[in-house]
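S.K.:
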Amino acid sequence: MPFTIDDLKVSPGSKLDLSERDPSATPSFDGDKKAGQARLEELNSRLEELQDLLWAEQKHRVLFVIQAMDAGGKDGTIRHVFDGVNPSGVKVASFKKPSSKELARDYLWRAHAQVPANGELTIFNRSHYEDVLAVRVLELVPEKQWKRRYKHIVDFEQMLVDEGTTIIKIFLHISKDEQKERLQARLDEPDKNWKFEIGDLESRSHWDAYQEAFEDAISKTSTDDSPWYVIPANRKWYRNIAISEILIQTLESLDMKFPEAADGLDQVVID
Ligand code: ATP
Ligand code: MG
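Going by this note's numbering, the sequence shown opens with residue 534, and the numbers climb by one from there.
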């Protein structure tokens, strides 16, 4: 059965209601965890081939945005989905709390500086969306100011698309209980202690406000050219295959080709 990525897409113009999307669901995949892990290995190989082609062709630029609540699985997604991909053509840009240099400029400045060049696939681990998520929930700027940003973001992304960038945006949808388990594991398991941040508890206390901010941001900025996908992410193995499928199907739609051999290459003799 083909994997229908459209089932995970947020249709442009529709209003996303996260409470209607089950974070433990596994749409388009009938198998269990073991089958999912085996499938991921196949998908990893295919993604590796496509990224090789992307790099060889030097024509397209791919921007892959990941957003999630704390402990939503951003790092694990990057590790597992891009396992085996040639690191030369893939970059990860992580967006933390803005520095004073960044705060002294418009909020899109730091994002624009990191967008992919020809042949590159750039992963935004958090992104300019924080400026309508954390900034909104924590009331870092007045409402009037963040409300205008949805339009800026749509226009900014459309400009990137018009100039040759392919954009894929992923929201890792986990339940509040799942977040609790993952944060608890960071307290209980010595190897995970380093990941625990007391600030994550503050974000958790704003869970509902964040869900609402995500619903608004995603609904207002999912477009045909720059779509959002909501990934049921309680089951990490499903999350990994769903995201791999989205990347693979999107890259396949670019109809990439290896560059033609240079003239006379068939005459070259190596002795
Ligand atoms: P990790 O998995 O390592 O915890 P992380 O992405 O959560 O990764 P942190 O340094 O823990 O990284 O968190 C980054 C913090 O910066 C988040 O709380 C996020 O909301 C915040 N942040 C990012 N961009 C902005 C922004 N533009 N304005 C305000 N806060 C921001
Ligand atoms: Mg964190």
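Glycine residues also receive a C-beta, built at the ideal position from the N, C-alpha and C atoms.
1) Ends of the alpha helix (DSSP H) at residue 747?
2) So is residue 615 buried or exposed if we call it buried at 16+ other beta carbons inside 10 Å?
3) DSSP beta-bridge partners for residue 706?
4) Counting only the same chain and skipping the five closest in sequence on each side, list residues whose C-beta sits under 8 angstroms from that of residue 666.
5) Taking the alpha carbon of residue 731 as the point to measure from, which residue in 585, 673, 717, 595 has its own alpha carbon closest?
6) For residue 736, which residues in the same chain have their Cβ closer than 6 angstroms to its Cβ, ignoring the five residues on either side in sequence?
7) Which same chain residues, not among the five before or five after residue 708, have their C-beta less than 8 angstroms away from its C-beta?
8) Indicate, with yes or no, if ligand 4 has a heavy atom lying under 7 angstroms from the CB of residue 663.
9) Assuming residue 656 is part of the beta strand (DSSP E), what are its boundary residues?
10) Note the first and the last residue of the continuous beta strand (DSSP E) segment covering residue 594.
11) Applying the criterion that 16 or more other CB atoms from any shown protein chain within 10 Å of the CB defines a buried residue, is residue 605 buried or exposed?
12) Just to confirm the assignment, what range does the alpha helix (DSSP H) spanning residue 566 have?
M.R.: Looking at the atomic coordinates:
1) Walking along the sequence shown from the start, residue 747 turns up at place 214. Counting along the chain, the alpha helix (DSSP H) containing residue 747 begins and ends at 740-754.
2) Locating residue 615 in the sequence shown gives position 82, where the first residue counts as 1. Counting Cβ neighbours within 10 Å, residue 615 comes out buried, since at least 16 surround it.
3) The sequence position of residue 706 within the sequence shown is 173, counting from 1. DSSP output for residue 706 lists 765 as bridge partner(s).
4) Taking the sequence shown and counting its residues from 1, the one referred to as residue 666 is at position 133. These residues qualify, in order along the chain: 600, 743, 746, 747, 750.
5) The sequence position of residue 731 within the sequence shown is 198, counting from 1. It is 717 whose Cα lies nearest to the Cα of residue 731.
6) As a first step, residue 736 is located in the sequence shown; it is residue number 203 there, counting from the start. These residues qualify, in order along the chain: 603.
7) Along the sequence shown, read from residue 1 onward, the residue named residue 708 stands at position 175. For residue 708, where only same-chain residues beyond five positions count, the Cβ hits under 8 angstroms are 556, 557, 767.
8) The ligand content of the structure shown is limited to ligand 1 and ligand 2, which means ligand 4 is not among them.
9) What you label residue 656 is simply residue 123 of the sequence shown in a count that begins at 1. 654-658 is the span of the beta strand (DSSP E), which, as asked, contains residue 656.
10) For the purposes of this step, residue 594 is taken as the residue at position 61 of the sequence shown. Counting along the chain, the beta strand (DSSP E) containing residue 594 begins and ends at 594-601.
11) By 1-based counting over the sequence shown, the position of residue 605 is 72. So residue 605 ends up on the buried side.
12) The residue labelled residue 566 in the question sits at position 33 within the sequence shown. Element bounds for residue 566: 566-590.
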